Amino acid sequence: MVSYDLNISQINRVVSQNENSLKPSVKADQNRSSGSSQTSETSSSSSSIEAIKKMLEKRLEQLQKQLETIQKQIAQYQNDTNKYAQDMVQTLSQKASSLLSQIAEVSASLAEIEKNRSGS
Numbered sequence: 001m002v003s004y005d006l007n008i009s010q011i012n013r014v015v016s017q018n019e020n021s022l023k024p025s026v027k028a029d030q031n032r033s034s035g036s037s038q039t040s041e042t043s044s045s046s047s048s049i050e051a052i053k054k055m056l057e058k059r060l061e062q063l064q065k066q067l068e069t070i071q072k073q074i075a076q077y078q079n080d081t082n083k084y085a086q087d088m089v090q091t092l093s094q095k096a097s098s099l100l101s102q103i104a105e106v107s108a109s110l111a112e113i114e115k116n117r118s119g120s
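What follows is the structure, encoded as structure tokens:
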């Protein structure tokens with residue numbers, strides 16, 4: 001299985017750089033009135049953004065499943081008063097908090113992609 005432990009800010013930077021590097025070439029194509037070149041560049045950019053979007057959606061799904069599993073584990077230990085159970089609840093809560101942060105980052109990245117797509 002491929003690991004999707006990617007830094008979201010790095011992905012955003014790459015997407016942004018790809019978009020920024022493609023914009024001048026698309027403008028140049030427009031200035032030369034070569035519509036087919038523009039379509040090719042736009043299509044290439046679109047497919048790379050779409051691939052990143054699909055990867056982020058898959059990562060979001062994985063994070064949500066992990067969070068669901070942790071929530072079930074917390075529910076198992078939550079009402080137990082022994083020290084081990086309380087330590088497990090604390091550890092699992094920290095993991096859940098971390099997952100929520102990651103989910104927020106991935107969701108923000110997906111929203112940014114959609115915003116950029118509709119703004120183009």
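Numbering-wise, full-length UniProt numbering puts 91 at position 91 of the sequence shown, and it's gapless, one number per residue. Glycine is no exception: its CB is placed at the ideal position from the N, C-alpha and C atoms. All values reported here derive from a predicted model rather than from experimental measurement.
- Beyond the five residues adjoining it in sequence on each side, Gln64 comes within less than 8 Å, by CB distance, of Ile103 in the same chain, given in chain order.
- Secondary structure of Thr91 (DSSP, three-state): helix.
- When the beta-carbon positions are compared, Leu67 and Val106 stay at least 7 Å from each other.
- The DSSP-derived three-state label of Gln78 is coil.
- Pairing Ser47 with Ser97, the inter-Cα distance amounts to about 33 Å.
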